[in-house]
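Trainee: All residue numbers for the sequence shown refer to this note's numbering, where the first residue is 923 and numbers rise by one. By construction, the Cβ of each residue, glycine as well, lies at the ideal position given by its N, Cα and C atoms. Handing you this structure, nothing more for now.
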Amino acid sequence: MKGILAILMVGIMVLAMITPAMSTDTSATVTDATSTYDCTATDITTQPDPVTPADGTVSYNLVVSDDNGDDTIPAGTWKAEVNFGAGLQTTTLTADAVNGDLQRTCTGTDSVPANTASGNYVVTFRLDAGSSICTKTVNVGEVMSISVMDMSFGAVNPGELDKPGKHVVTNTGNVKVKFVDTTPLGYDTTGDGITWENMAGSGTAAGETIADSQLTTNWAAATEIAVGGNADANFELDVPTGLKAGPYGGSTTFTPTKA
């Protein structure tokens, strides 16, 4: 039987895993003749979302304490400075009035650019344009995320061998990723980073199946995708003889691991 089969691999499942930021709750104090500056800055409250892409948020809290009981806490503009990799970012803090404990609390929030690399970043607090008053470390957590384009084999004939197709995999997170091959038998084994299912027929091909064993990929397990990079996951399809003509579809699951 000769016929034309329109085969489309659809419904790609993309698994994104997010590792929460670790807390680094340290602070620094510097004392001069009039005041003690107690610097705190919270960790990232919303991780950068590289998929959207969307910014994250960092929150700052600076407590200025008078240490001589004379209500000499400086007025002026308190600022937080940090470089998340795209240049110096300065945030003007909102200063509360001095409270009954002779303390002034200064707070503020700012953005963390999407695709900011994971790691620790030092925040410097200043009064006006003066020298550094104190510093605080904030942490950006790891975001492991990918996007995958659908794969189409187009129109094929029963009995056709080695029909090529490909998924394009893009690293949309902030760490390098790879796809683990747990056995020397190639991918599509339980626990592998790339697996796929049978392709089911629909319409005029309803009830027909192309087994997952008819699909293979030459993806090399040593392949790593850099942040913002992409790679082709090439597949080949062997079309069984005797199949009904019609559309067939299935899904591929990509499970990334930090490289």
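State the DSSP-derived secondary structure class of ASN1135, mapped to helix, strand or coil.
Mentor: By 1-based counting over the sequence shown, the position of residue 1135 is 213. Checking the sequence, you will find Ser at residue 1135 rather than Asn. SER1135 falls in the helix class under three-state DSSP.
Trainee: CA-CA distance, GLY1063 and ASN1079?
Mentor: In the sequence shown, residue 1063 corresponds to position 141, counting from 1. In the sequence shown, residue 1079 corresponds to position 157, counting from 1. Looking at the two C-alpha atoms, the distance is approximately 49 Å.
Trainee: Where does ALA1017 land, buried or exposed, given buried means 16+ other C-beta within 10 angstroms?
Mentor: The residue given as residue 1017 occupies position 95 in the sequence shown. By the 10 Å Cβ count, ALA1017 comes out buried.
Trainee: Which residues mark the beginning and the end of the beta strand (DSSP E) in which THR1117 is found?
Mentor: Stepping through the sequence shown from its first residue, residue 1117 is reached at position 195. Unbroken beta strand (DSSP E) run through THR1117: 1116-1118.
Trainee: To the nearest angstrom, report how far apart GLY1041 and GLY978 are at their CA atoms.
Mentor: The residue you call residue 1041 lines up with position 119 of the sequence shown. The residue you call residue 978 lines up with position 56 of the sequence shown. So the alpha carbons of these two residues sit roughly 14 Å apart.
Trainee: May I have a chain-ordered list of the beta strand (DSSP E) segments no shorter than 3 residues that lie completely inside the segment 996-1027?
Mentor: Within the segment 996-1027, the complete beta strand (DSSP E) runs of at least 3 residues are 1000-1005, 1010-1014.
Trainee: Beta-carbon within less than 7 Å of THR1029's beta-carbon, same chain only, minus the 5 sequence neighbours each way: which residues are those?
Mentor: Here residue 1029 is taken as the residue at index 107 of the sequence shown, counted from 1. Only TYR982, ASN983, LEU1015, THR1016 meet the Cβ criterion.
Trainee: Alpha carbon to alpha carbon, how far is TRP1090 from THR1012?
Mentor: For the purposes of this step, residue 1090 is taken as residue 168 along the sequence shown, with counting starting at 1. For the purposes of this step, residue 1012 is taken as residue 90 along the sequence shown, with counting starting at 1. Going by the sequence as given, residue 1090 is Val instead of Trp. Roughly 38 Å between the two C-alpha positions.
Trainee: Out of VAL1034, TRP1000, ASP1084, ASP1134, which one is the CA nearest neighbour of VAL1060?
Mentor: On the sequence shown, position 138 is the one that residue 1060 refers to. Closest by alpha carbon: VAL1034.
Trainee: Exposed or buried, LEU1083, counting other C-beta atoms within 10 Å across all chains shown (16 or more means buried)?
Mentor: Numbered from 1 along the sequence shown, position 161 holds the residue referred to as residue 1083. It counts as exposed.
Trainee: Indicate whether THR1092 and ILE1068 have their beta-carbon atoms separated by less than 8 Å.
Mentor: Position 170 of the sequence shown, counted from the first residue, corresponds to residue 1092. Position 146 of the sequence shown, counted from the first residue, corresponds to residue 1068. Cβ distance < 8 Å, so THR1092 and ILE1068 count as in contact.
Trainee: Restricting to runs no shorter than 3 residues, where is the beta strand (DSSP E) found entirely within the segment 1057-1083?
Mentor: Counting only runs of 3 or more, we get 1068-1070, 1073-1078.
Trainee: What first and last residue would you give for the beta strand (DSSP E) that runs through ALA1153?
Mentor: In the sequence shown, residue 1153 corresponds to position 231, counting from 1. Run containing ALA1153: 1152-1159, per the beta strand (DSSP E) assignment.
Trainee: With a threshold of 16 other CB atoms inside 10 Å of the CB of ALA1142, please say whether the residue is buried or exposed.
Mentor: Here residue 1142 refers to the residue found at position 220 of the sequence shown. ALA1142 comes out exposed.
Trainee: Taking a contact to mean a Cβ-Cβ separation below 8 Å, would you say THR1163 touches GLY1108 in this structure?
Mentor: Working through the sequence shown from its first residue, we reach residue 1163 at position 241. Working through the sequence shown from its first residue, we reach residue 1108 at position 186. Their beta carbons are not under 8 Å apart, which means THR1163 does not touch GLY1108 by this criterion.
Trainee: How would you call ASN1096, buried or exposed, if buried means at least 16 neighbouring beta carbons within 10 angstroms?
Mentor: Against the sequence shown, residue 1096 aligns to sequence position 174. ASN1096 is buried by the Cβ-count criterion.
Trainee: Give me, in chain order, the residues of the same chain whose beta-carbon lies closer than 6 Å to that of THR1046; leave out the 5 immediate sequence neighbours on both sides.
Mentor: Numbered from its first residue, the sequence shown carries residue 1046 at position 124. Around THR1046: GLU1003, SER1054, THR1057.
Trainee: May I ask you to report which of helix, strand or coil DSSP gives ALA1122?
Mentor: To locate residue 1122, count along the sequence shown from 1; it is residue 200. Of the three classes helix, strand and coil, the one that applies to ALA1122 here is strand, per DSSP.
Trainee: Excluding the 5 residues flanking GLU1130 on each side, which residues of the same chain have their C-beta closer than 8 Å to its C-beta?
Mentor: By 1-based counting over the sequence shown, the position of residue 1130 is 208. Answer for GLU1130: ALA1122, GLY1123, LEU1165, LYS1166, GLY1168, TYR1170, listed in chain order.
Trainee: If THR1094 and ILE1116 are in contact, beta carbons under 8 Å, what's the gap, nearest whole angstrom?
Mentor: Position 172 of the sequence shown holds residue 1094. Position 194 of the sequence shown holds residue 1116. About 17 Å; that fails the 8 Å criterion.
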